[in-house]
Structure formats: C-alpha cells, structure tokens
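Engineer: Attaching a single structure in structure tokens format; questions to follow.
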DNA sequence: TGCCGTCCCATGCTATCCCAAGAATGCCCA
DNA sequence: TGGGCATTCTTGGGATAGCATGGGACGGCA
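Protein chains in written order, with this note's numbering: chain A, 73 to 237; chain B, 73 to 237.
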C-alpha cells in the first residue's frame with residue numbers, strides 16, 4: 073500500500089489542475105491502480121482526504137466487520153463511499169480538483185498536500201496552518217512527547233502479549 | 073536499528089547540504105534502508121529529529137495501538153508523518169536540509185548533530201549550547217545522578233515482573 | 001455550434017548526480 | 001619516539017535530469 077509523507081504546497085491553475093507531489097506519485101505508481109487517486113471530503117475537517125485503491129479495498133473490507141454498529145457503517149457508506157470521487161492523473165502527474173471538493177475545502181490558488189501515511193489530505197494552505205497551530209497548542213498544553221507515546225503504545229502491547237495475564 | 077552517539081558540528085553549504093557524521097553513516101548503513109534518513113521538526117524543541125527507516129516502522133506500528141486516543145494519533149500523524157521528509161544521501165554521504173526544516177531549527181551555516189541512541193537531533197550550534205546549559209542547571213537543581221536513575225528503572229522492572237502481583 | 005474537459009507540448013526552476021581538492025586523522029616505518 | 005605516508009572525511013563547484021507550471025489544440029458532449 074502506498075505511503076504518503078511530508079507536506080507539499082502546489083499551485084492550482086485556472087483549469088483547476090494541481091500537480092500531485094512527485095513523492096506521492098511514486099507511491100501511487102506501485103499500487104494496484106496506478107494513476108488513480110480517490111478523493112472525498114474529510115469527516116472532521118474542512119479538507120479533502122485522498123487515498124489509493126488498495127486503501128479503499130481495506131476500508132471496504134472492514135465495513136463487513138461485525139464489530140461496527142449499524143450507525144457507523146451507515147455513516148461511512150454515506151459520507152465516504154457516497155462522496156468518493158475517482159480522479160485520474162494526466163501524463164504530467166496532475167489531477168483536476170473536482171469543483172465541489174475544492175469549494176468544500178476552500179481551496180483557491182494553492183493546495184497543500186499533507187501525507188498521513190496511508191492516506192493524505194489536501195488543505196487550503198492557510199486553513200492548514202491554523203489547524204496546525206491549534207494542534208501544536210494541544211501538544212504544549214498536554215506536554216506530549218514522541219518517546220512518551222512510543223512508550224505508552226509498547227507498554228500496552230506488552231501487556232496484551234501476556235505479561236498482564 | 074541504528075545507534076547514534078556523540079555530537080558533531082558540520083558546515084552547511086550554499087545548497088543546504090551537510091555531511092552526515094561518518095559515525096552516524098556507519099550506523100545507517102546497517103539498516104533496512106541504507107542511505108535514507110528521515111527528518112522532522114521536534115515536537116518539543118526548536119530542533120530537528122532524525123531517524124532511520126527501522127525506527128519509523130516501530131513508530132508506525134505503535135500508532136496502530138489501541139492504547140492511544142484519537143487526539144494523540146491525529147497529532148502524531150499531522151506533526152510527525154505530515155512533516156516527515158525522507159532524505160537520501162549522495163555519494164559523499166551528504167544530505168540536503170530541506171528549507172522549511174532548516175528555518176524551523178534556525179540553522180544557518182552550521183549544524184550540530186547530536187546522537188540520542190535510536191534517533192538524533194540537528195540543532196543550530198548556539199541553540200544547542202543554550203539548551204544544554206539549561207538542562208545542566210536542572211540536573212544540578214534536581215540533584216539527578218546516573219546511578220540513581222538506573223536503580224529507579226530496575227526497581228520498576230522488578231515490580232512489573234511479578235513481585236507486585 | 002459552442003462549451004468543457006482532456007491531451008500534448010514548451011519552459012524555467014530546483015534538486016540530484018558527478019567530479020575534484022583540501023584537511024584531518026591514523027598507521028607504518030625508520 | 002618522531003616523522004612521513006596513506007586513507008578517510010569534509011567541503012566545494014559545475015553539469016544534468018526531473019519536476020512544477022503554463023498555454024494551446026484537439027475531441028466529445030450538450
């Protein structure tokens with residue numbers, strides 16, 4: 073599955089075209105549907121989410137899980153699969169941002185691609201800055217550090233592996 | 073996984089290139105992606121963090137842990153993976169410091185690499201000195217000693233291994 | 001027939017690769 | 001034990017290829 077990292081800000085031309093960052097393109101090239109990305113409006117932010125075919129397959133499968141309640145399933149089906157737009161890139165690696173999606177995210181002349189491992193997001197650059205600033209404040213307020221989180225996660229994993237049994 | 077120790081100060085040329093300290097390079101050579109390091113802005117300092125592929129794999133895994141709440145996960149995905157830049161070294165063992173990262177850390181003509189075992193940091197040399205001075209003061213004030221820390225840690229490990237059950 | 005979307009071509013910039021030399025270190029031999 | 005030699009590391013500059021971006025032309029749909 074493709075891995076998306078880093079942040080890139082690219083321009084949107086008059087036709088609504090944007091270059092997919094080269095790094096993302098390389099990741100996408102290795103998936104089962106190279107040249108095609110799927111876009112949908114984020115559930116939680118005024119931004120777009122993007123992923124490759126393989127990720128959607130996984131998502132689709134997890135919808136079959138009995139652990140989900142009907143509400144959750146309904147929500148995903150309506151807001152993700154219902155809004156999903158497959159977009160194919162041209163020879164230069166550009167895609168056309170569908171109008172309604174660009175509007176939803178408030179994207180004008182520039183679009184910020186931010187990698188989130190298995191998916192990525194597309195933001196209006198200033199909106200992204202604001203979002204990051206808000207998040208950073210939380211980091212400070214809660215005094216979060218990376219090593220702390222790794223420790224917390226691995227402690228939990230150890231417990232599940234038998235030490236707690 | 074690579075181990076990084078000691079401190080090195082190297083020059084940054086006009087193109088933003090820096091030599092990775094030879095010692096670090098030797099460590100990196102043994103990892104699953106030799107020649108590639110990952111850089112991102114530190115959560116807690118005006119400095120850059122660096123690691124190898126293997127460390128990131130561990131980090132990535134810990135994000136899957138159910139012990140983390142959604143906030144924390146979102147934060148890490150935005151601030152670490154969203155800012156993460158894979159950098160590959162040239163034949164001479166140099167990397168290019170991405171502009172936005174160099175700016176974030178205030179790095180100009182010189183960069184200080186400081187090993188932190190599984191990761192390393194890159195500082196603007198003067199900022200590092202100031203940081204170290206501040207830390208040293210804390211050591212004195214809190215009367216911290218190495219043997220104390222080792223004792224404390226091993227006492228905790230013993231408790232978790234059954235003495236407390 | 002007019003408009004919209006897609007494809008193709010062109011260009012400036014940036015990053016990557018390649019080649020080269022000075023400096024510092026460690027080793028070997030006298 | 002001291003000096004000389006060789007190797008490694010750091011640093012510098014030029015050439016090349018890739019990428020982001022812009023505009024125009026062709027074809028399809030309404």
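The C-beta atom is built at its ideal place from N, Cα and C for all residues, glycine as well.
No experiment lies behind these values; they were computed from the predicted model shown.
Quick check on the DSSP output: the alpha helix (DSSP H) that includes residue 163 (chain B) runs from which residue to which?
Structural biologist: Residue 163 (chain B) -> no alpha helix (DSSP H), and no H or E assigned at all.
Engineer: Please state whether DSSP places residue 82 (chain B) in a helix, a strand or coil.
Structural biologist: Judged by DSSP in its simplified three-state form, residue 82 (chain B) adopts strand.
Engineer: Quick one, are the C-beta atoms of residue 188 (chain B) and residue 91 (chain B) less than 7 Å apart?
Structural biologist: Their beta carbons are not under 7 Å apart, which means residue 188 (chain B) does not touch residue 91 (chain B) by this criterion.
Engineer: Let me make sure I understand the geometry here. Which of B:163, B:75 and B:155 has the alpha-carbon closest to that of residue 238 (chain B)?
Structural biologist: As displayed, chain B neither begins before 73 nor continues past 237, which places residue 238 (chain B) out of reach and without an answer.
Engineer: Can you list the residues of chain B that residue 224 (chain A) reaches, using a CB-CB cut of under 9 Å?
Structural biologist: Neighbours of residue 224 (chain A) on chain B, chain order: 134, 137, 139, 140 and 144.
Engineer: One question on the structure: do residue 84 (chain A) and residue 183 (chain A) come within less than 7 Å of each other, judged by their Cβ atoms?
Structural biologist: yes
Engineer: Against chain B, with Cβ distances strictly below 7 Å, would residue 99 (chain A) count as a contact?
Structural biologist: no
Engineer: Count the other CB atoms within 10 Å of the CB of residue 216 (chain B); is the residue buried (16 or more) or exposed (fewer)?
Structural biologist: exposed
Engineer: By the 10 Å Cβ neighbour count, where 16 or more other Cβ atoms means buried, how is residue 177 (chain A) classified, buried or exposed?
Structural biologist: buried
Engineer: Since residue 204 (chain A) meets chain B, which of its residues come closer than 8 Å, beta carbon to beta carbon?
Structural biologist: Correct list: 150 and 151.
Engineer: Taking just the CA atoms, how far does residue 164 (chain B) sit from residue 220 (chain B)?
Structural biologist: 43 Å
Engineer: Determine, using beta carbons only, whether residue 218 (chain A) comes closer than 7 Å to chain B.
Structural biologist: yes
Engineer: Counting only beta-carbon separations shorter than 7 Å, does residue 114 (chain A) have a partner in chain B?
Structural biologist: no
Engineer: If you draw a straight line from the C-alpha of residue 185 (chain A) to the C-alpha of residue 212 (chain B), how long is it?
Structural biologist: In a straight line, the C-alpha of residue 185 (chain A) is about 45 Å away from that of residue 212 (chain B).
Engineer: Got a sec? Which residues, its chain only, sit under 6 Å from residue 237 (chain A) by beta carbon, not counting five neighbours each side?
Structural biologist: Caution applies to residue 237 (chain A), whose pLDDT of 42 falls short of 50 and renders its modelled position unreliable; the value that the coordinates give is listed next. Counting only Cβ-Cβ distances below 6 Å, and skipping sequence neighbours, we find nothing.
Engineer: Just to make sure I have the definition right: I need the residues of chain A whose C-beta is within less than 9 Å of the C-beta of residue 92 (chain B). Which are they?
Structural biologist: None at all; the shortest Cβ gap to chain A is about 19 Å.
Engineer: Express the C-alpha separation of residue 134 (chain B) and residue 141 (chain B) in angstroms, rounding to a whole number.
Structural biologist: For residue 141 (chain B) and residue 134 (chain B), the gap between their C-alpha atoms comes out near 12 Å.
Engineer: Mind reading off the beta-carbon distance from residue 114 (chain A) to residue 121 (chain A)? Whole number of angstroms is fine, and I expect it under 8 Å.
Structural biologist: Residue 114 (chain A) to residue 121 (chain A), Cβ: 5 Å. Contact.
Engineer: Please tell me whether residue 236 (chain B) has its Cβ less than 7 Å away from any Cβ of chain A.
Structural biologist: Note that residue 236 (chain B) scores a pLDDT of 49, beneath 50, so its modelled location is shaky; the value from the coordinates is reported in the next line. False, the Cβ-Cβ gap to chain A never drops below 7 Å.
Engineer: Alpha carbon to alpha carbon, how far is residue 150 (chain B) from residue 108 (chain A)?
Structural biologist: 24 Å
Engineer: Are residue 80 (chain A) and residue 93 (chain A) closer than 7 Å when you measure CB to CB?
Structural biologist: yes
Engineer: Give a yes or no on whether 7 Å exceeds the smallest Cβ distance from residue 272 (chain B) to chain A.
Structural biologist: Examination of residue 272 (chain B) is not possible in this model, given that chain B is present from 73 through 237 alone.
Engineer: Using only CA atoms, which one of A:225, A:88, A:128 and A:73 lies nearest to residue 168 (chain A)?
Structural biologist: A:88
Engineer: In chain A, what lies closer than 7 Å to residue 131 (chain B) by C-beta?
Structural biologist: Counting only Cβ-Cβ distances below 7 Å, residue 131 (chain B) has contacts in chain A at 222, in chain order.
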